[in-house]
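Please read the structure below before turning to the comments.
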Amino acid sequence: MYRTCPLCEAVCGLKITLDDAGHVTDVRGDREDPFSRGFICPKGASLGRLDEDPDRLRAPLVRDGDQWREVSWPEAFAAVERGLAAVPGPARAIYLGNPSAHTMAGALYGSAVARSLGTRAVFSASTADQMPKHVSCGLMFGNPLAIPVPDLDRTAYLLMLGANPLESNGSLCTAPDFPGRLKAIRKRGGRLVVVDPRRTRTADLADEHVFVLPGTDAYLLAGIAHTLFAEGLVTVDTPVNGLAEVEAALRDFPAEIAARACGVPAAVIVRLARELAAAPSAAVYARLGTCTAEFGTITQWLVDVLNVLTGNLDRPGGAMFARPATEKAGRRKPYRTGRWHSRVRGLPEANGELPVATLADEIETPGEGQVRALITIAGNPVLSAPNGARLDRAFRGLEFMVSVDPYLNETTRHAHVILPPPRMLNSGHFDFALLGFAVRNYVRYSPAALPLDGAPPETEILARLAMIASGQGADADPALLDELILDGLLGQSPERRAALDGSSGAELRLDAMLRLGPYGEWSGGGDLSLRKLREHPHGIDLGPLEPRLPGNLATASGMIELAPEGIMADLVRLRARLSAEIPEFLLIGRRHLRSNNSWLHNVGPLVGGSNQCTLQINPADVARLGLGREAVVRSAKGELTVPLEPTDTIMPGVVSLPHGWGHEGSAQAVAAKNAGVSVNVLTDEDVIDPLSGNAVFNGVPVSLAIR
Numbered sequence: 001m002y003r004t005c006p007l008c009e010a011v012c013g014l015k016i017t018l019d020d021a022g023h024v025t026d027v028r029g030d031r032e033d034p035f036s037r038g039f040i041c042p043k044g045a046s047l048g049r050l051d052e053d054p055d056r057l058r059a060p061l062v063r064d065g066d067q068w069r070e071v072s073w074p075e076a077f078a079a080v081e082r083g084l085a086a087v088p089g090p091a092r093a094i095y096l097g098n099p100s101a102h103t104m105a106g107a108l109y110g111s112a113v114a115r116s117l118g119t120r121a122v123f124s125a126s127t128a129d130q131m132p133k134h135v136s137c138g139l140m141f142g143n144p145l146a147i148p149v150p151d152l153d154r155t156a157y158l159l160m161l162g163a164n165p166l167e168s169n170g171s172l173c174t175a176p177d178f179p180g181r182l183k184a185i186r187k188r189g190g191r192l193v194v195v196d197p198r199r200t201r202t203a204d205l206a207d208e209h210v211f212v213l214p215g216t217d218a219y220l221l222a223g224i225a226h227t228l229f230a231e232g233l234v235t236v237d238t239p240v241n242g243l244a245e246v247e248a249a250l251r252d253f254p255a256e257i258a259a260r261a262c263g264v265p266a267a268v269i270v271r272l273a274r275e276l277a278a279a280p281s282a283a284v285y286a287r288l289g290t291c292t293a294e295f296g297t298i299t300q301w302l303v304d305v306l307n308v309l310t311g312n313l314d315r316p317g318g319a320m321f322a323r324p325a326t327e328k329a330g331r332r333k334p335y336r337t338g339r340w341h342s343r344v345r346g347l348p349e350a351n352g353e354l355p356v357a358t359l360a361d362e363i364e365t366p367g368e369g370q371v372r373a374l375i376t377i378a379g380n381p382v383l384s385a386p387n388g389a390r391l392d393r394a395f396r397g398l399e400f401m402v403s404v405d406p407y408l409n410e411t412t413r414h415a416h417v418i419l420p421p422p423r424m425l426n427s428g429h430f431d432f433a434l435l436g437f438a439v440r441n442y443v444r445y446s447p448a449a450l451p452l453d454g455a456p457p458e459t460e461i462l463a464r465l466a467m468i469a470s471g472q473g474a475d476a477d478p479a480l481l482d483e484l485i486l487d488g489l490l491g492q493s494p495e496r497r498a499a500l501d502g503s504s505g506a507e508l509r510l511d512a513m514l515r516l517g518p519y520g521e522w523s524g525g526g527d528l529s530l531r532k533l534r535e536h537p538h539g540i541d542l543g544p545l546e547p548r549l550p551g552n553l554a555t556a557s558g559m560i561e562l563a564p565e566g567i568m569a570d571l572v573r574l575r576a577r578l579s580a581e582i583p584e585f586l587l588i589g590r591r592h593l594r595s596n597n598s599w600l601h602n603v604g605p606l607v608g609g610s611n612q613c614t615l616q617i618n619p620a621d622v623a624r625l626g627l628g629r630e631a632v633v634r635s636a637k638g639e640l641t642v643p644l645e646p647t648d649t650i651m652p653g654v655v656s657l658p659h660g661w662g663h664e665g666s667a668q669a670v671a672a673k674n675a676g677v678s679v680n681v682l683t684d685e686d687v688i689d690p691l692s693g694n695a696v697f698n699g700v701p702v703s704l705a706i707r
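Residue numbers (our numbering): 1 to 707.
Below is the structure:
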């Protein structure tokens with residue numbers, strides 16, 4: 001059988017062999033997939049081991065004191081109803097984890113659960129990862145999901161910051177075989193420049209690697225933009241407002257000044273500007289390392305400012321917008337943030353959610369609206385949120401908590417009810433979110449490969465949670481939710497409703513979205529439908545990215561807003577930090593090829609080798625401090641004792657610890673044997689990017705001492 005891999009953003013096609021008992025015997029890349037063309041990484045190759053992990057929960061659990069007992073699904077939903085009914089809506093909260101973006105259930109029903117709770121206390125992994133990009137694109141283009149991606153297959157020059165796709169497989173840039181696509185840039189005579197405090201595997205592949213001080217990418221990009229203006233190298237081919245305002249705002253960041261702040265020589269900054277301007281086509285791309293920093297939103301804004309200033313936004317070989325098959329037609333309301341604020345710290349909402357950095361505040365602080373009940377879906381914020389140790393303590397004080405998760409882990413151990421979703425092969429798969437960031441327009445659907453054996457699908461689990469939270473009770477028919485949503489999609493058209501194809505509410509909704517989408521019959525764009533996707537199990541190539549401006553802009557002006565008011569105001573903070581003293585050590589994160597946050601550490605083949613929880617440090621720093629095999633790392637929030645990994649691939653004064661570890665005492669056997677430590681014992685929930693609320697995980701000041 002053929003299936004899209006659901007383990008990261010690359011959406012690779014897989015060829016999976018099952019035996020008569022339904023066990024996975026082999027996983028290979030699908031050579032007939034027009035997008036991935038047979039590429040596979042170690043995570044995808046281990047899909048069977050993950051799917052059949054003996055530590056996965058097979059039945060719901062209800063906690064009685066310190067003990068867990070398996071219960072039936074009706075009993076579990078009844079317990080959820082009792083628990084939520086005891087807490088009013090404003091005192092409820094929800095946290096949506098990263099894996100929920102990789103499931104049809106999370107994409108189609110996660111927001112319904114959030115809305116049904118009657119609360120503004122909505123949190124997700126987005127404010128620990130990518131919210132700065134959403135906010136900057138929302139302010140510039142009017143739509144936080146209108147994220148331009150580098151046209152990798154046609155670009156002649158790629159400047160990449162804070163990204164390591166040879167390990168991560170890409171992020172907010174869906175590109176199976178990212179390594180092969182980068183190699184192809186160089187093979188056709190193009191140039192790849194990687195900016196990173198570490199010489200990563202991606203940097204090793206590049207034509208040039210540029211070391212930069214953690215958290216200072218905004219200064220480097222501002223220096224490049226200043227040079228473009230100063231040398232008359234600006235070429236703007238898109239409709240923009242605010243060009244003069246941007247030029248004036250960046251006058252304080254000439255290359256010489258930017259160099260002192262970011263550690264990149266001024267001559268290099270000027271040369272990068274000239275190379276970007278002179279290239280036949282070019283794109284600037286930045287990801288996690290630049291989002292999870294103090295100036296995350298300004299940095300993401302500057303990325304697209306450079307794409308605009310060099311004439312490379314919305315042109316082949318530049319930074320372009322995908323056209324996903326389920327994209328909604330019509331214009332959105334102009335984007336804004338801060339429609340409400342968090343109760344304790346007054347932090348602004350963005351994209352309908354509050355910063356996860358303030359979740360512990362909302363639980364621990366008494367008063368009206370104090371969070372007393374929590375739903376977590378596919379998330380482990382104890383390991384993934386800043387100052388996870390505080391969250392760990394806060395969760396113990398909740399009156400009620402329910403988790404939708406296949407594991408008893410560091411977060412779900414605090415739940416009163418755990419609702420485990422079925423195996424991945426028991427569920428259909430469609431990438432609603434990720435195909436909106438694809439470097440080539442493409443679509444694929446993977447039906448369930450195995451029957452459910454009596455357990456409800458994850459889509460039904462979430463639909464029932466929504467029904468319960470809205471007061472309709474544990475026995476309400478979840479199909480009513482699907483029909484309500486279909487009525488909204490179809491305009492209560494009985495003819496279109498009768499034409500839909502699908503064996504579940506999720507499939508019916510997918511079929512409607514495909515037919516209404518830009519390639520569907522109901523939009524006049526083609527004949528795409530769920531039936532057609534079933535007839536093409538390897539997926540369908542919908543063609544290269546095409547220019548979309550100004551048609552997909554949703555700003556009030558109908559133009560790119562190059563100088564949003566909030567970003568212009570935050571540049572004052574960026575200027576003020578020019579004279580800041582550099583700490584002795586700055587801590588950054590690290591990705592591993594065989595890991596994905598905290599949720600693949602219980603698969604034997606994916607643990608060990610280079611996939612270990614060590615502190616990378618420059619050998620000169622080890623010698624200077626007289627360190628041994630371990631060191632004590634201290635921050636403003638905590639301390640850890642960690643094994644050292646001396647390497648000249650990291651800048652002096654910078655140390656790197658991977659995230660997602662800290663499984664000591666875990667109920668997951670493999671993870672417990674390879675526990676590591678949680679870097680988020682060291683991170684500070686009080687330090688955020690103020691425009692987006694994103695937590696700061698890179699550029700954290702720390703000190704090191706002999707153990």
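The beta carbon of each residue, even a glycine, is placed where N, CA and C say it ideally should be.
Start-end ranges of the alpha helix (DSSP H) lying completely within the segment 635–687, minimum 4 residues = 669–673
Check your understanding: What distance in whole Å lies between the Cβ atoms of Leu172 and Ala325, which are believed to be in contact at a cut-off of 8 Å?
Key -> Not a contact, Cβ separation roughly 19 Å.
Exercise for review: Report the three-state DSSP secondary structure of Thr310 (helix, strand or coil).
Suggested key: coil
Exercise for the section: Can you have a look at Trp706 and say buried or exposed, based on whether 16 or more other CB atoms are within 10 angstroms of its CB? Expected result: Residue identity differs from the one stated: residue 706 is Ile in this sequence, not Trp. The residue in question, Ile706, is exposed, as its Cβ has fewer than 16 Cβ neighbours within 10 Å.
If you run the structure through DSSP and keep just helix, strand and coil, what is Tyr219? helix
**Message:** I'd like the span of the beta strand (DSSP E) that includes His209, first residue to last.
**Reply:** 208–210
- Query: Can you list, in chain order, the residues of its chain whose CB lies under 7 Å from that of Gly242, leaving out five sequence neighbours each side?
  - Reply: Glu561, Leu562, Ala563
Between which two residues does the beta strand (DSSP E) holding Gly13 run? 13–18
Quiz prompt | Leu47 beta carbon less than 8 Å from that of Cys5 | solution = yes
- Task: Apply the 10 Å Cβ neighbour rule to Asp648 and answer buried if 16 or more other Cβ atoms are within range, or exposed otherwise.
- Result: exposed
_Assigned exposure category for Glu368 - 16 Cβ within 10 Å defines buried_ = exposed
With a CB to CB cut of under 6 Å and the five nearest residues on each side skipped, what residues in its chain are close to Leu166?
Pro179, Arg201, Thr202
query: Out of curiosity, what's the CA-to-CA distance linking Gln612 and Leu359?
result: 29 Å
Is it buried or exposed, Ala10, if we count other Cβ atoms within 10 angstroms and call 16 or more buried?
buried
Please go through the segment 512–598 and give each complete beta strand (DSSP E) segment of 3 or more residues, from N-terminal end onward. 540–543, 585–588
Presumed contact (8 Å Cβ cut-off) between Asn376 and Thr411, rounded CB distance:
First, the amino acid is wrong: residue 376 is Thr here, not Asn. Contact holds; Cβ gap of about 6 Å.
Discussion item. Whole angstroms are fine: how far does the CA of Leu578 sit from the CA of Val622?
Written reply: 29 Å
Practice problem: Measuring alpha carbon to alpha carbon, tell me which of Ala556, Leu644, Ser666, Val655 ends up nearest Trp599. | Solution: Ser666
| task | Would you tell me roughly how many angstroms separate the C-alpha atoms of Thr365 and Leu272, rounded to the nearest one? | result | 49 Å
According to the neighbour-count rule (16 or more other Cβ atoms, all chains shown, within 10 Å of its Cβ), is Asp19 buried or exposed?
-> exposed
Supposed close pair Gly138, Tyr445 - CB separation, criterion 8 Å: Not a contact, Cβ separation roughly 29 Å.
According to the Cβ coordinates, are Thr235 and Gly311 closer than 8 Å? yes
Check your understanding: Do three or more CB pairs link the segment 464–478 to the segment 106–120 at distances below 8 Å?
Key -> yes
Exercise for the section: Assign Arg63 to one of three DSSP states: helix, strand, or coil. Expected result: strand
Practice task
Would you mind listing the alpha helix (DSSP H) stretches within the segment 334–395 that are 4+ residues and don't spill past its ends, in chain order?
Solution key: 359–364, 381–384
What's the call for Ala319, buried or exposed, on a 16-neighbour Cβ count within 10 Å? buried
- When DSSP labels each residue in this structure, what does His23 get in the three-state scheme? coil
With a threshold of 8 Å, are at least 3 pairs of Cβ atoms found where one atom belongs to the segment 340–356 and the other to the segment 116–126? yes
For the beta strand (DSSP E) containing Ala286, list its first residue and its last residue.
-> 283–286
inquiry  = For a test of the three-state rule: what should DSSP assign to Gln300, helix, strand or coil?
reply    = helix
- How is the alpha helix (DSSP H) around Met104 delimited, first residue to last? 104–116
Q) Out of Pro643, Gly693, Ala669, His659, which has the shortest C-alpha to C-alpha gap to Leu704? A) Pro643
Q. Based on the DSSP output, what are the partners of His722 in its beta bridges?
A. Because the chain in this structure spans residues 1 to 707, residue 722 falls outside the shown range and cannot be described.
Could you check which residue in Ala620, Thr555, Phe321, Asp252 has the C-alpha nearest to that of Val240? Thr555
Roughly how many angstroms lie between the CA atoms of His536 and Ala474, to the nearest whole one?
38 Å
Below 8 Å CB to CB, which residues in the same chain sit around Ser543 once its five sequence neighbours on both sides are set aside?
-> According to the sequence as given, residue 543 is Gly; it is not Ser. Only Arg440, Asn441 meet the Cβ criterion.
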